[in-house]
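This report refers to the structure that appears directly beneath it.
2 protein chains.
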Amino acid sequence: MNIREVARRAKVSTATVSRTINSSDKVTPETKERVQRAIEELGFYPNTWARALGSGRSNLYGLIISDITNPFFPELVKSFEDIAVQNEQEVLVANKSYDPARMEGCVRRMLQRKVDGVAIMTSEMDARLITEFQSREIPLVFLDTGKAEKLTSNIVVDYAAGVDAAVEHIVGLGHTDIGFISGPMMLRSARVRREAFIGCLERRGIGADWIEEGNHQVDGGHDAMARLLGRKTRPTAVLASNDMTAIGALGAIHERGLRVPEDISIVGFDDIQISAFTQPALTTVRLSREEIARVAFRALYSIRQDAGKGAEYGVQPALVVRRSTGRAPRGAGAAEREPVLVS
Amino acid sequence: MNIREVARRAKVSTATVSRTINSSDKVTPETKERVQRAIEELGFYPNTWARALGSGRSNLYGLIISDITNPFFPELVKSFEDIAVQNEQEVLVANKSYDPARMEGCVRRMLQRKVDGVAIMTSEMDARLITEFQSREIPLVFLDTGKAEKLTSNIVVDYAAGVDAAVEHIVGLGHTDIGFISGPMMLRSARVRREAFIGCLERRGIGADWIEEGNHQVDGGHDAMARLLGRKTRPTAVLASNDMTAIGALGAIHERGLRVPEDISIVGFDDIQISAFTQPALTTVRLSREEIARVAFRALYSIRQDAGKGAEYGVQPALVVRRSTGRAPRGAGAAEREPVLVS
DNA sequence: GGGATTCGCGTAAACGCTTTCTGCGAATGA
DNA sequence: TCATTCGCAGAAAGCGTTTACGCGAATCCC
Chain R
31 MNIREVARRA
41 KVSTATVSRT
51 INSSDKVTPE
61 TKERVQRAIE
71 ELGFYPNTWA
81 RALGSGRSNL
91 YGLIISDITN
101 PFFPELVKSF
111 EDIAVQNEQE
121 VLVANKSYDP
131 ARMEGCVRRM
141 LQRKVDGVAI
151 MTSEMDARLI
161 TEFQSREIPL
171 VFLDTGKAEK
181 LTSNIVVDYA
191 AGVDAAVEHI
201 VGLGHTDIGF
211 ISGPMMLRSA
221 RVRREAFIGC
231 LERRGIGADW
241 IEEGNHQVDG
251 GHDAMARLLG
261 RKTRPTAVLA
271 SNDMTAIGAL
281 GAIHERGLRV
291 PEDISIVGFD
301 DIQISAFTQP
311 ALTTVRLSRE
321 EIARVAFRAL
331 YSIRQDAGKG
341 AEYGVQPALV
351 VRRSTGRAPR
361 GAGAAEREPV
371 LVS
Chain F
31 MNIREVARRA
41 KVSTATVSRT
51 INSSDKVTPE
61 TKERVQRAIE
71 ELGFYPNTWA
81 RALGSGRSNL
91 YGLIISDITN
101 PFFPELVKSF
111 EDIAVQNEQE
121 VLVANKSYDP
131 ARMEGCVRRM
141 LQRKVDGVAI
151 MTSEMDARLI
161 TEFQSREIPL
171 VFLDTGKAEK
181 LTSNIVVDYA
191 AGVDAAVEHI
201 VGLGHTDIGF
211 ISGPMMLRSA
221 RVRREAFIGC
231 LERRGIGADW
241 IEEGNHQVDG
251 GHDAMARLLG
261 RKTRPTAVLA
271 SNDMTAIGAL
281 GAIHERGLRV
291 PEDISIVGFD
301 DIQISAFTQP
311 ALTTVRLSRE
321 EIARVAFRAL
331 YSIRQDAGKG
341 AEYGVQPALV
351 VRRSTGRAPR
361 GAGAAEREPV
371 LVS
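Protein sequences, first through last, are from chains R and F.
Count along the first sequence starting at 1, add 30, and that's the number in this note's numbering.
Count along the second sequence starting at 1, add 30, and that's the number in this note's numbering.
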């Protein structure tokens with residue numbers, strides 16, 4: 031079953047069949063219709079590889095993510111795929127699982143498949159591998175870890191604004207003893223969020239006295255929170271670098287017999303699906319996967335159009351208030367000042 | 031950059047280069063070494079499409095799942111990919127998102143790419159689409175929804191054993207008023223779990239009086255549990271058809287001001303990652319994604335070997351006891367009988 | 001030592017499509 | 001009426017591999 035059989039059946043040449051498949055305008059409606067019918071009757075599917083080989087275009091985009099096991103990413107993958115499919119493109123997903131060695135293989139596979147562009151949605155990536163793409167003139171888009179230049183665009187997430195909204199909310203509830211559980215400091219994105227937090231408190235004249243490092247996963251959040259609770263003094267509110275961390279923190283707090291938000295308020299970051307269903311539901315800063323995916327795809331797409339010119343795109347996070355945040359407890363340092371704030 | 035340039039540089043024919051790439055034994059170590067060097071020096075990657083086109087083999091496996099947003103699946107995808115990559119194969123993932131219309135496109139894409147086999151890890155699938163695969167002699171493996179025949183294998187999950195272990199555990203804790211939140215009844219897998227539950231209780235002479243239908247997602251579990259709690263009498267323990275459902279149920283219980291496990295015990299099914307970190311940590315029946323992926327891949331792989339002969343494989347779930355289950359509360363119907371059971 | 005066999009490698013024909021080039025008939029203009 | 005243009009469709013040359021086939025040299029067996 032190939033294009034030749036279709037051609038024979040429609041009594042045209044293979045070229046004409048190809049042209050109708052690719053909806054070229056150089057074919058009369060009648061012929062087109064005849065070919066369409068032949069295709070239907072034979073149940074013909076064009077062979078993707080032969081197409082790519084012949085045309086030099088793959089209609090394939092690469093998507094590199096850190097760890098498909100973190101719920102943030104499947105949602106991103108899903109959105110990205112949806113958009114790609116709508117545009118008749120395919121997606122090759124590579125999850126490097128925080129393992130630089132695997133990365134090598136992922137990149138190689140993408141190169142072998144001659145992807146038309148790659149969305150690199152992971153924070154750290156070997157510069158050498160990036161060069162591999164660039165030297166082959168493959169468009170790239172980064173998530174907050176790159177710069178707009180020839181053939182590469184960058185999506186910058188306004189973490190500062192997100193963190194600021196969270197702190198604003200917390201402070202508005204009367205908290206002044208505010209902690210932070212960061213991601214792994216080896217990750218740039220984690221460092222950025224941490225800096226944003228510190229800067230945010232400084233601007234308000236609050237000291238950043240309770241900072242612990244997590245690993246952006248549940249266990250790390252749990253352990254970091256446990257360390258925070260083990261200190262002589264403890265914060266009345268804690269921001270986490272992502273929701274997984276916040277969920278871990280929730281667990282550690284409950285284990286100590288404390289209540290959220292009565293004793294401690296918790297704020298996450300990302301707004302993964304599960305966050306709406308934790309006990310209590312998590313107040314968090316939403317980072318829309320759908321939006322990121324859309325922007326990333328558009329970025330890749332338009333690099334081709336604009337003769338390789340890259341651009342910078344912005345994405346704004348938004349605070350989602352649920353049940354894990356409440357007024358600062360009385361008796362805590364914050365409580366003393368509360369009447370002043372309210373009046 | 032293609033095989034010809036490599037051939038020229040190594041002063042051999044393209045056939046020899048191809049042979050060394052495919053590690054054929056029909057080439058002397060010296061020549062092989064010379065070719066390898068040329069490949070290194072040129073940084074040559076063979077073009078996947080041309081290979082597939084030339085050989086007729088794609089080294090590509092399809093993986094069809096219901097909904098990548100359910101944490102059960104990303105873990106499955108990840109395992110499957112890992113195994114595939116280890117065997118130098120690729121994976122094309124299609125998530126149909128419970129939407130039969132999208133399914134069509136997924137299947138089409140797989141056919142166009144001439145996948146070497148497809149793992150269908152979703153419960154319901156249009157028979158016509160399956161025929162599409164079969165008529166093209168593509169090996170298939172189902173997850174508990176098919177039968178072993180020519181070119182197709184089936185993985186059967188012993189749901190009955192899993193549910194039985196859960197019920198055993200619950201009954202051992204003195205519960206006799208046991209409820210169940212099923213998945214959507216239009217899904218075969220959901221029906222199977224439900225039947226297993228009912229059969230299980232019958233064998234013990236317990237009535238299955240509290241059954242509600244969920245949708246295998248958190249909101250469905252929440253609503254179903256709310257309905258259960260709204261009845262005149264309520265169970266002291268509830269099994270859920272999957273963990274997402276159980277998590278939703280947990281939320282509904284807390285909203286009513288009841289405690290888990292003091293007032294109601296909850297058991298999930300699947301053991302997704304997050305279940306270890308809910309409040310309280312979920313007692314559940316583990317269904318190993320890693321094992322399913324491994325078996326599925328092996329099944330697909332061996333269909334090729336064994337001249338298209340399909341087989342049946344078994345997977346055993348295992349109970350994981352955490353904190354969401356405890357002794358039946360006194361005062362409940364169960365409590366009356368408890369001393370009898372204990373003595 | 002001569003014919004049969006094996007071995008290593010090159011030649012060239014697929015594989016299924018795209019795309020450029022070319023040709024042909026019809027429409028248009030003078 | 002003939003020359004020119006134009007739109008449509010066919011012929012054929014790729015695209016980068018794999019692989020059947022074949023050839024010469026080396027090896028083997030009696």
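Ideal Cβ positions, reconstructed from N, Cα and C, are used throughout, including at glycine.
Legend entry - Residues from the region 267-287 of chain R in contact with chain F, defined by Cβ distance under 7 Å: 277, 278, 280, 281, 284
Inset, instruction - Taking residue 196 of chain R and residue 269 of chain R to be in contact with their CB atoms under 8 Å, please state how far apart those CB atoms are, rounded to whole angstroms. - result: Your numbering for residue 196 of chain R matches position 166 in the first sequence. Your numbering for residue 269 of chain R matches position 239 in the first sequence. Right, their Cβ atoms sit about 6 Å apart.
Legend entry - Whole-angstrom C-beta distance between residue 316 of chain R and residue 380 of chain R, which should lie under 8 Å: Nothing about residue 380 of chain R can be read from this structure; chain R reaches only from 31 to 373.
Legend entry - Same chain, Cβ closer than 6 Å to residue 363 of chain F, five either side skipped, listed in chain order: As a working mapping, residue 363 of chain F is identified with position 333 in the second sequence. Since pLDDT at residue 363 of chain F reaches only 48, below the 50 mark, its modelled position is unreliable, and no value is offered.
Inset, instruction - Please classify residue 314 of chain F: is it buried, with 16 or more other beta-carbons within 10 angstroms of its beta-carbon, or exposed? - result: Residue mapping note: residue 314 of chain F aligns to position 284 of the second sequence, counting from 1. Counting the other CB atoms within 10 Å of its CB gives residue 314 of chain F a total of 16 or more, which places it among the buried residues.
Legend entry - Closest Cα partner of residue 395 of chain F within the set F:244, F:180, F:209: No answer is possible for residue 395 of chain F: it lies beyond the span of chain F, which begins at 31 and ends at 373.
Legend entry - Extent of the continuous beta strand (DSSP E) to which residue 183 of chain F belongs: Counting from one through the second sequence, the residue named residue 183 of chain F turns up at place 153. From DSSP, the beta strand (DSSP E) with residue 183 of chain F extends over 182-187.
Legend entry - Backbone CA spacing between residue 61 of chain F and residue 73 of chain F [nearest angstrom]: Residue 61 of chain F sits at position 31 when you count from the first residue of the second sequence. Residue 73 of chain F sits at position 43 when you count from the first residue of the second sequence. Near 18 Å, if we compare the C-alpha coordinates of residue 73 of chain F and residue 61 of chain F.
Inset, instruction - Could you confirm whether any beta carbon from chain R is found closer than 8 Å to the beta carbon of residue 94 of chain F? - result: Translated into positions along the second sequence, residue 94 of chain F becomes position 64. No, residue 94 of chain F lies away from the interface with chain R (no Cβ there is under 8 Å from its Cβ).
Inset, instruction - Let me know the secondary structure DSSP gives residue 239 of chain F once reduced to three states. - result: Numbered from its first residue, the second sequence carries residue 239 of chain F at position 209. Residue state for residue 239 of chain F is assigned as coil, using DSSP reduced to three classes.
Inset, instruction - Decide yes or no for the touch test of the region 227-236 of chain R against the region 249-264 of chain R: beta carbon pairs closer than 8 Å, at least 3 of them. - result: no
Inset, instruction - Would you decide whether residue 32 of chain F is buried or exposed? Buried here means 16 or more other CB atoms lie within 10 Å of its CB. - result: Position 2 of the second sequence, counted from the first residue, corresponds to residue 32 of chain F. Answer is exposed; the Cβ neighbour count stays below 16.
Legend entry - residue 141 of chain F: contacting residues in chain R (beta-carbon distance under 7 Å): Locating residue 141 of chain F in the second sequence gives position 111, where the first residue counts as 1. Residues of chain R with a Cβ closer than 7 Å to the Cβ of residue 141 of chain F are, in chain order, 75.
Inset, instruction - Determine, using beta carbons only, whether residue 135 of chain R comes closer than 8 Å to chain F. - result: Sequence index remark: in the first sequence, residue 135 of chain R carries index 105 (1-based). Yes, because at least one Cβ of chain F sits closer than 8 Å to the Cβ of residue 135 of chain R.
Legend entry - heavy atom of the ligand MN below 7 Å from residue 68 of chain F C-beta: This structure lacks the ligand MN; in fact it carries no ligand of any kind.
Legend entry - Stretch pair the region 297-304 of chain R + the region 229-246 of chain R: three plus CB contacts closer than 8 Å: Here the region 297-304 of chain R makes no contact with the region 229-246 of chain R; the two share fewer than three CB pairs at distances below 8 Å.
Legend entry - Within chain R, the residues that residue 108 of chain F reaches when beta carbons sit closer than 9 Å: Position 78 of the second sequence, counted from the first residue, corresponds to residue 108 of chain F. Neighbourhood of residue 108 of chain F in chain R, by CB distance below 9 Å: 97, 98, 99, 125, 127, in chain order.
Inset, instruction - Tell me residue 151 of chain R's beta-bridge partners as DSSP assigns them. - result: On the first sequence, residue 151 of chain R is found 121 positions in, with the first residue counted as 1. Note: residue 151 of chain R sits in a beta bridge opposite R:95.
Legend entry - Distance, residue 209 of chain F Cα to residue 305 of chain F Cα: To locate residue 305 of chain F, count along the second sequence from 1; it is residue 275. To locate residue 209 of chain F, count along the second sequence from 1; it is residue 179. Between residue 305 of chain F and residue 209 of chain F, the C-alpha separation is close to 20 Å.
Legend entry - Residues from the region 303-335 of chain F in contact with chain R, defined by Cβ distance under 9 Å: 303, 304, 306, 307, 308, 309, 310, 311
Inset, instruction - Would you mind sorting residue 93 of chain F into buried or exposed? The rule is 16 or more other CB atoms within 10 Å of its CB. - result: Translated into the one-based positions of the second sequence, residue 93 of chain F becomes position 63. Buried, since its Cβ has 16 or more Cβ neighbours within 10 Å.
Legend entry - Sequence-distant residues of its chain with Cβ nearer than 8 Å to residue 220 of chain F (five each side left out): Within the second sequence, the letter at position 190 stands for residue 220 of chain F. Within the same chain, residue 220 of chain F has close Cβ partners 153, 212, 213, 214, 246, 271.
Inset, instruction - Would you please verify whether the beta carbon of residue 104 of chain R is less than 8 Å from any beta carbon of chain F? - result: As a first step, residue 104 of chain R is located in the first sequence; it is residue number 74 there, counting from the start. So yes, residue 104 of chain R belongs to the interface.
Inset, instruction - Identify the continuous beta strand (DSSP E) that holds residue 313 of chain F and give its terminal residues. - result: As a working note, residue 313 of chain F is residue 283 in the second sequence. Taken as a continuous stretch (DSSP letters only), the beta strand (DSSP E) holding residue 313 of chain F covers 313-316.
Legend entry - Min CB distance residue 120 of chain R to chain F below 8 Å: Start at 1 with the first residue of the first sequence, and residue 120 of chain R comes out as number 90. It does; some Cβ of chain F falls within 8 Å.
Inset, instruction - State the Cα-Cα distance for the pair residue 156 of chain R and residue 174 of chain R, rounded to the nearest angstrom. - result: In the first sequence, the residue the question calls residue 156 of chain R occupies position 126. In the first sequence, the residue the question calls residue 174 of chain R occupies position 144. One C-alpha to the other measures close to 15 Å.
Inset, instruction - Using DSSP bridges, identify the partner residues of residue 295 of chain F. - result: Sequence index remark: in the second sequence, residue 295 of chain F carries index 265 (1-based). F:267, per the DSSP bridge assignment.
Legend entry - residue 205 of chain R beta carbon less than 8 Å from that of residue 266 of chain R: Within the first sequence, residue 266 of chain R is the residue found at index 236, counting from 1. Within the first sequence, residue 205 of chain R is the residue found at index 175, counting from 1. Contact: yes.
Legend entry - Within 8 Å, strictly: CB atoms of residue 121 of chain R and residue 105 of chain R: In the first sequence, the residue the question calls residue 121 of chain R occupies position 91. In the first sequence, the residue the question calls residue 105 of chain R occupies position 75. Not closer than 8 Å, so no.
Inset, instruction - Evaluate contact between the region 133-145 of chain R and the region 183-193 of chain R, counting only Cβ atoms and requiring at least three cross-stretch pairs below 8 Å. - result: no
Legend entry - Beta-carbon contacts of residue 39 of chain R that lie in its chain and below 6 Å, excluding the five residues immediately before and after: On the first sequence, position 9 is the one that residue 39 of chain R refers to. The answer, listed in chain order, is 68.
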